[in-house]
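Going letter by letter, the sequence shown gives residues 64 to 425 in the working numbering. Where is the CB? At the ideal position from N, CA and C, for every residue including glycine. Right, one structure below, let's go through it.
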Amino acid sequence: MVLVEVSNKAIGLVARFFEKLGLKTAVNAFYNAKQIGRQVLYSALNSIAAEAASQLLKIRLPSNEVLSADRILDYLHSLSSEKMQIELQASICQARDYAKQHYTQPVTVAIDFHEDPYYGDRNDLHVVGTQRKAGTNYAFRYITAEIVEDGKRLCIEALPVYSDDEKPIVLSKVLQSIKRIVKIKLVLLDRGFYGVNCIFELKKARVFFILPVIKDSKMKKLIQEHRTELPWIGTHMLGDKNAETFTVCLKRVDDEVYGFATNKIFDGCSKEETEKFVNEISNAYTSRWGIETGYRVKHFFHAKTTSPDHKIRTLYFFLSVILYNTWVLSNQLSEKKITVFLFNELLENQLVFTPTPITHPP
């Protein structure tokens, strides 16, 4: 019974999401927003393209209940970018509201970028340049923030990032958003945020942070100077103009030296205290892999497309976030463990075996 309730709530959430998107169907159309949403959701649950979803559904459903892939994509192309952004943000509110009510103690949050490889017009303002991956140097980029503590995993912010967006400004926006939702114990970031302006924004937000250092010439010199003293803690200055200072922790693992930047305060002096603090920093940083795990799970909920339309790409990404959060919350509220595969199967069966009324023209 619990599993049925989970699938009903999940389907209801996604159905309301599509109804609010404002899909433009003709007055005499046979299909409504709920039916369009059903096929898009089926694509997401199976991580397949609209064409494959249409073909598979025609095997399991009467053909007059299934739209062609072209029709589905035409409807998604018609979406208003402004309205879609509003509804996409509103769709994360359930997770935010849950976090506000249940996570009253400070939590550890990871912030990271997610990229969806792009092969179309590189001059599209919604596309950013990136390191070469999957045969391209361009991608649609999103920034997400996720609570990464055991039993409290939840994506509480997700925003598209465009070519004219500056990383420190986007980071500041996300930090301010998070602080309105939960109390922050610690922020974990990857080395892509290792820069003067990003560290300035983290300090301005008055949050504790940890991120790996980039081994530039100054850092390599620092490591070389203290290689025989590891583990080591000291103060480091990044940048020449408008420089930022922070605590750097150096640690050797096998033959490799790792460094972490943080603003957490070390007030010890002994070798034992130094080793304890450095281990606490490096161990705390391992929680950041929770956001990487979250990305892998979201991949199971991500519909495929070759469309260059940013609206479709963004819709598919946010739908994966909605489904991920719904799966996480279902596990937190259920006494039984619900795997991703069971969750997908429950929703897929609900989609296929629950009749969806066909809208006939007058």
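Ser370 places its beta carbon less than 8 Å from that of Leu136. Ala153 has its alpha-carbon roughly 42 Å from the corresponding atom of Leu313. Per DSSP, the continuous alpha helix (DSSP H) segment holding His140 begins and ends at Ala132 to His140. Under the DSSP assignment, Arg195 falls in the beta strand (DSSP E) whose first and last residues are Val191 to Lys196. In the three-state DSSP reduction, Phe176 falls in the strand class (E or B).
Runs of the alpha helix (DSSP H) lying entirely within the stretch 351-394 and spanning at least 4 residues, in chain order: 352-362. The stretch 208-219 makes contact with the stretch 158-174, as at least three CB pairs between them are under 8 Å. Between Tyr205 and Pro223, the C-beta spacing is below 8 Å. Nearest neighbour of Ser226 by Cα position, chosen from Lys327, Ile149 and His373, turns out to be His373.
Beyond the five residues adjoining it in sequence on each side, Leu120 comes within less than 7 Å, by CB distance, of Gln102, Tyr105 and Val129 in the same chain, given in chain order. Annotation: the continuous beta strand (DSSP E) that includes Glu209 extends over Thr199 to Ile210. Between the C-alpha atoms of Ala158 and Leu217 there is a straight-line separation of about 7 Å. The DSSP-derived three-state label of Leu285 is helix.
Take Ser235, set aside five residues on each side of it, and the residues of its chain with a beta-carbon closer than 6 Å to its own are Glu264, in chain order. Per DSSP, the beta bridge partners of Leu274 are Ala324. Ranked by how close their Cα comes to the Cα of His165, the residues Pro231, Gln395, Asn305 and Arg269 have Gln395 in first place.
Straight-line spacing of the CA atoms in Asn412 and Thr356 works out to 26 Å.
Per DSSP, Pro223 is one residue of the beta strand (DSSP E) stretching across Leu217 to Val224.
Tyr321 and Val415 have their alpha carbons spaced roughly 51 Å apart. DSSP, reduced to helix, strand and coil, places Cys156 within a helical segment of the structure shown. Judged by DSSP secondary structure, Lys248 falls within the beta strand (DSSP E) whose first and last residues are Ile247 to Leu252. Taking 8 Å as the cut-off, the Cβ atoms of Thr291 and Thr298 do not count as close.
Around the Cβ of Trp352, a 10 Å sphere holds fewer than 16 other Cβ atoms; the residue is exposed.
When the beta-carbon positions are compared, Val237 and Ala162 stay at least 8 Å from each other. The Cβ-Cβ distance between Lys327 and Phe271 falls below 8 Å. Taking C-beta separations shorter than 6 Å and ignoring five residues to either side along the sequence, the partners of Pro231 in its chain run Asn260, Cys261 and Glu264, following chain order.
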